[in-house]
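Report on the structure given below.
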Amino acid sequence: MNFIITATLDAIKQLYNEEVAESVINIQETRKEFEGQVTIVVFPITKISKKSPEQTAQAIGEYLVENVTEVTAFNVVKGFLNLSIAESYFLKQFNEEVLSPEFGIYKPNGKKVMVEYSSPNTNKPLHLGHVRNNLLGYSVAELLKAYGYEVTKVNLVNDRGIHICKS
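So, in structure tokens, the structure goes:
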């Protein structure tokens, strides 16, 4: 949520005619017992405003609601400015992430994996369980590929059953 940092820096510049470093703006997730999604810790900004934390938070909150479309409301709790962010912002972020071609795909990690699946007995007819195992094996292989593994898919076709294993 870099836009909050940028907007807060703009607010400080407009309200107090001071430019400050980004490191002065301390943003955290709002605690569950309070309204909003994002909290700005106002205490470091009071050195610039030369006002109480509540007055500083009130002024910055009013500026953000008026000038930033994503900020819909605010409340001040003892020097903490709790901001409510518009749902449209989260929907936009979600859509950008999900609709990007890179969604769910990781860079190759150099590890190799072999996935063996199905392996039906050639002396017996195929049944629904074989289809299930084919789909499961293929799905696992594709998931591993998406996570960056180099996947080798193997399907052993033979007539060796339990009688070979027992001997």
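Here the sequence shown is numbered in our numbering, starting from 57 and rising by one per residue.
Ideal placement from N, C-alpha and C gives every residue a C-beta, glycine not left out.
- Verify the CB distance criterion: does Ser174 have a CB-CB separation below 8 angstroms to chain D? No chain D appears in the structure shown, which is made up of a single protein chain.
- Query: Straight-line CA distance for Asn138 to Leu155?
  - Reply: 30 angstroms
- Message: Given a cut-off of 8 angstroms on the beta-carbon distance, is the pair Tyr119 and Lys167 in contact?
- Response: no
- Message: Taking the alpha-carbon of Val196 as reference, which of Thr125, Val127 and Val169 has the nearest alpha-carbon?
- Response: The closest CA to that of Val196, considering only Thr125, Val127 and Val169, is found on Val169.
- Kindly indicate which three-state DSSP category Val124 falls into: helix, strand or coil? coil
- With 16 as the cutoff for other CB atoms within 10 Å, does Ser79 come out buried or exposed? exposed
- Task: Just mark Pro157 as buried or exposed, buried being the case when its beta carbon has 16 or more other beta carbons within 10 Å.
- Result: exposed
- Message: Could you give the first and the last residue of the continuous alpha helix (DSSP H) run that contains Phe59?
- Response: Asn58 to Tyr72
- Just tell me which of Glu122, Ala113, Phe146 and Asn211 has its CA closest to the CA of Val132. Ala113
- Message: So, with DSSP's three-state summary, where would you put Thr86?
- Response: coil
- Item | Proximity winner among Ser140, Glu75, Ala77 and Thr62, relative to Glu85 (alpha-carbon distances) | Taking only the C-alpha atoms, the option nearest Glu85 is Ser140.
- Message: Suppose you measure from the CA of Asn151 to the CA of Pro176; what does that come to, to the nearest Å?
- Response: Taking the straight line joining both Cα atoms gives about 42 angstroms.
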